[in-house]
Amino acid sequence: MASREIISYDKGVAIKLLKWISPVFLGFYLIWALLPLFIMFMASFKDLLDAFSVPDAGDWAGVTMFFDFSPTFTHYVALFTENNFGVYLLNSLFASIGSAIIAVTLGSMCAYSLSRSEFRGKKDLLFWIISTRMAPIVAVIVPLYAIFRSADLVGTLPGLILAYTTFNLPFAIWMLKGFFDGIPYAIEEAAQVDGKNRFQAFLMILPLAAPGIGAFVILCILFAWNDFLFSTIIGSGGAKTLPVATKELVQPQNIDWGKIMAAGIVTTAPMIPLGLLVRRYLVAGLTMGAVKD
Amino acid sequence: MVTVSFNNVWKDYGGGALAVKELNMNIKDGEFVSLLGPSGCGKSTSLRMLAGLEHISSGEIVFGDKIVNTLPPKDRDIAMVFENYALYPHKTIFDNIANPLKQAKIPADEIKRRVIDVAKLLEIEQLLERRPQELSGGQKQRTAIGRAIVRQPQVFLFDEPIAHLDAKLRARMRSELKHLQHKLGVTTIYVTHDQLEALTMADRIAVMNDGVLQQFDTPQEVYQNPANSWVATFVGEPGMSLMEMEMTRMDGDLALAFENKTIKLDLKNKARLTAAGKTKLLVGIRPDKASVSQLEIPGAFECQIYSRQLLGADVLVEVEFGTSRVRAKADTSFVGAVGAVCHLIFRSEDMYFFDAEDGKAIPHQC
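First to last, the sequence lines map onto chains A and B. Going by the numbering used here, the residue at position 201 of the first sequence is 192; the numbering climbs one at a time, nothing skipped. Going by the numbering used here, the residue at position 164 of the second sequence is 217; the numbering climbs one at a time, nothing skipped.
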């Protein structure tokens, strides 16, 4: 095995300068990324007056005013009592988890067989599968709407799940094929010799693909959870999800900032622990199979 | 414990790639057979067809009196050791070895007893809680062997099981495997490209080249009476040297013409070559039956030293004359340097004769 030691070479002035600049840059980046989240979080607990209070003089002394308020849960309560956010939250959960499960179940079986078998036109088939993912969603949404409409799927949760699956499945097949390619076939052969049948041998190697499958479930959930376009057009009415519901809080004559901030927190919060939980696997998943060891 | 037969087995990978051609072989119950050949000769393919991991294009494979062509591996009652070990990376060594027993629904306490017995035999009992990636190559290898021998299958299949070990461990594993097979008495097919493994371990060796079975016989016979010139040069370390010679007459007697010289024949060989009636021959000589000297000896060939390699106890000298190169073993006191002139000598009784056209050995006269 190659040594993992990091060798330090003589550095030029530019490199030395970069060494100082990069933490500064990263610091700014961190503020840029986290500050809006932080303001959103604070504002969701403020009433309208507090949220828009501005100090008299524009100096740093006025910063304390930002923290000077009495926290209130009225926006959250209002979201779930007046605006039906409970239903939308469930819609979002069902649509994203449902489509992820379907995409991964079908995708892993398809990916496995594409990885293990050789047949004429396999490359063309693989390209055709991914080509459905190449077209921008806007380009296919109109014909898709017409199809869903005639199948009475518009405005239903199954319709939304189906729409997400059409987009997640090709991605699943390609990514999972990479994982299965990385698992030596000899392991399955050994399992068969040990007395397992073909399907049991497949189950035997499934734990080896687990990090990849796990990472992929998360990607599917994130895609569906963040989606706005499918949800407005296919899910509109009966299967409204959180992003669409949040957008509807913006009314022409009245923008309810408190509720919007609270809705933003409700939408973001479930995905943050999920992201942290699978961060490791996500990276492992995306790079797995890239290097042959 | 069963007999194994290949009956006219072919393997066609499509596109004109024939991996195995017309393989016929009957392996006796409890026999240790080695499939020997260079890489790509079809030996692994043959083994994989036995295991049921590879489809048989035509012909049949028979275990006992049962044709197993379409039987899946799990129903063949075989145990196999793979060249790359093929351990289950996510399972402990204990679970790796126990897997075939769990599959056979054997009670847990008996599984434990048998796994520990096998682990003791292979000296890996202190590793049972570890996972494959924490093990060295030799330990992985022994785990893979353990997984095969933990149950008593009808047939053992070994696919170059010790090829990746270092030389010292390989020598030890050779005798351990041989001992084990003798103790268990299970019919064993052992694929290797290392002739030393084949010669030392097997009851019979099946030499394969280019998908064709060249010779299937005891190690002794394969070494002493190679069926053709290919087997002659492949088996033996180093292999036989071949020289092209022609039949001629000297003083009205049958003799061999070689590089402007004539070699007299002994009575036995004279009768043998007369019966065969071939004019062009390939004549082989084993390096340890040929000798070189710096002194001029009557009947010796004058030649140049092409290379010399110290083997430890003696020196392997390769000499060149005309278009032929011959290897000979010499005493370490032999001081000839590369390029120097020396004299090669061998006895006509030690010569092997093959037909120059098809390479087949000229049969002995009884």
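Note that the Cβ used here is the ideal one computed from N, Cα and C, for glycine as well. A quick note: this is a predicted structure, and the numbers were derived from the prediction, not measured.
Exposed unless 16 or more other CB atoms sit within 10 angstroms - verdict on residue i
i         : result
Ile18/A   : Contrary to the premise, residue 18/A reads as Gly rather than Ile in this sequence. Its Cβ having fewer than 16 others within 10 Å, Gly18/A is exposed.
Val388/B  : exposed
Trp283/B  : buried
Met297/A  : Here chain A has residues from -8 to 284 only, and residue 297/A is not among them.
His396/B  : buried
Asp128/B  : exposed
Met(-8)/A : With a pLDDT of only 47 at Met(-8)/A, under 50, the local geometry of the prediction cannot be trusted, and the value read off the model is given with reservation. When all chains shown are included, Met(-8)/A counts as exposed.
Ile422/B  : Coverage of chain B is limited to positions 54 through 419, which leaves residue 422/B absent and any answer about it impossible.
Gly90/B   : buried
Pro351/B  : exposed
Asp212/B  : buried
Tyr0/A    : exposed
Val391/B  : exposed
Val4/A    : exposed
Arg140/A  : exposed
Ile150/B  : buried
Arg179/B  : As written in the sequence, residue 179/B is Gln, which differs from the Arg given in the question. Gln179/B is exposed by the Cβ-count criterion.
Lys283/A  : For Lys283/A, the predicted model reports a pLDDT of 39, less than 50, meaning its position is unreliable and no value from the coordinates is stated.
Ala281/A  : Any reading at Ala281/A is ruled out, since the residue's pLDDT is 42, under 50, leaving its predicted position unreliable.
Lys173/B  : exposed
Leu240/A  : buried
C-beta contact flag for residue i and residue j at 7 Å
i        : j        : result
Ala139/B : Ala177/A : yes
Thr196/B : Ile258/B : no
Leu230/B : Ala104/B : no
Arg204/B : Pro126/B : no
Val55/B  : Thr240/B : yes
Leu81/A  : Lys250/A : no
Gly432/B : Leu218/B : Residue 432/B lies beyond the residue range present for chain B, which begins at 54 and ends at 419; the question has no answer from this structure.
Gly229/A : Gly146/A : yes
Arg107/A : Pro161/A : no
Ala94/A  : Thr157/A : no
Val134/B : Ala201/B : yes
Asn79/B  : Ser58/B  : yes
Ala182/A : Ala192/A : yes
Met31/A  : Pro46/A  : no
Ala414/B : Ala280/B : yes
Met254/B : Gly95/B  : no
Val265/B : Lys74/B  : yes
Val208/A : Ala102/A : no
Val394/B : Ala383/B : no
Ser344/B : Val244/B : no
Tyr20/A  : Ala236/A : no
Leu106/B : Glu109/A : no
Leu285/A : Ser104/A : Because chain A here runs from -8 to 284, residue 285/A falls outside it and cannot be looked at.
Leu334/B : Met298/B : yes
Ser83/A  : Leu233/A : yes
Bridge partners - residue i, DSSP secondary structure assignment
i        : result
His396/B : Ser346/B, Glu355/B
Ala259/B : Leu88/B, Phe269/B
Gln362/B : Leu369/B
Ala310/B : Glu299/B, Thr315/B
Met133/B : Leu210/B
Met136/A : For clarity, residue 136/A is Tyr in the given sequence; the question names Met instead. In the DSSP output, where bridge partners are listed per residue, Tyr136/A has none listed.
Tyr243/B : Ser87/B, Phe211/B
Lys382/B : Leu369/B
Glu113/B : Asn60/B
Met78/B  : Phe59/B
Lys413/B : Asn281/B
Phe374/B : Ser377/B
Lys119/B : Phe116/B
Asp65/B  : Leu71/B
Gly337/B : Leu295/B, Tyr405/B
Trp241/A : As written in the sequence, residue 241/A is Val, which differs from the Trp given in the question. DSSP lists Ile246/A as partners of Val241/A.
Distance cut-off 6 Å: residue i Cβ against heavy atoms of the ligand MG
i       : result
Phe76/A : The ligand MG is not part of this structure, which contains no ligands at all.
Please determine if the stretch 36 to 48 of chain A and the stretch 61 to 81 of chain A are in contact, where contact requires at least 3 C-beta pairs separated by less than 8 Å. Using a Cβ-Cβ distance cut-off of 8 Å, the stretch 36 to 48 of chain A and the stretch 61 to 81 of chain A are in contact, since at least three pairs of beta carbons, one from each stretch, lie closer than that value.
Across the stretch 264 to 271 of chain B and the stretch 75 to 86 of chain B, are there enough close Cβ pairs to call them in contact, namely three or more that are closer than 8 Å? Using a C-beta cut-off of 8 Å, the stretch 264 to 271 of chain B makes contact with the stretch 75 to 86 of chain B, since at least three inter-stretch Cβ pairs fall below that distance.
Check whether the stretch 59 to 67 of chain B touches the stretch 220 to 238 of chain B, taking contact to mean three or more Cβ pairs, one atom from each stretch, closer than 8 Å. Below 8 Å, too few C-beta pairs join the stretch 59 to 67 of chain B and the stretch 220 to 238 of chain B to call them touching: fewer than three.
The stretch 338 to 346 of chain B touching the stretch 400 to 410 of chain B, judged by at least three CB pairs closer than 8 Å: As far as the Cβ criterion goes, the stretch 338 to 346 of chain B touches the stretch 400 to 410 of chain B, which means the pair count is three or higher.
Measuring CB atoms only, is the stretch 181 to 195 of chain A touching the stretch 113 to 127 of chain A, in the sense that at least three cross pairs come out at less than 8 Å? No, the stretch 181 to 195 of chain A is not in contact with the stretch 113 to 127 of chain A.
How do the stretch 113 to 125 of chain B and the stretch 147 to 164 of chain A stand: do at least 3 beta-carbon pairs fall below 8 Å, yes or no? Output reads no: the stretch 147 to 164 of chain A does not touch the stretch 113 to 125 of chain B.
Identify every run of the alpha helix (DSSP H) within the stretch 176 to 201 of chain A, keeping only runs that are complete inside it and at least 4 residues long; order them along the chain. Listed in chain order, they are 176 to 184.
Would you say the stretch 254 to 267 of chain A touches the stretch 209 to 218 of chain A, given that touching needs at least three Cβ pairs under 8 Å? Flag = yes, the stretch 254 to 267 of chain A and the stretch 209 to 218 of chain A touch.
Looking at C-beta atoms only, is the number of pairs between the stretch 286 to 306 of chain B and the stretch 316 to 332 of chain B that lie closer than 8 Å three or more? Per the Cβ contact rule, the stretch 286 to 306 of chain B is in contact with the stretch 316 to 332 of chain B (3 or more Cβ pairs under 8 Å).
Can at least three beta-carbon pairs, one atom from the stretch 354 to 362 of chain B and one from the stretch 378 to 393 of chain B, be found at a separation below 8 Å? Judged by Cβ distances under 8 Å, the stretch 354 to 362 of chain B makes contact with the stretch 378 to 393 of chain B, as three or more pairs qualify.
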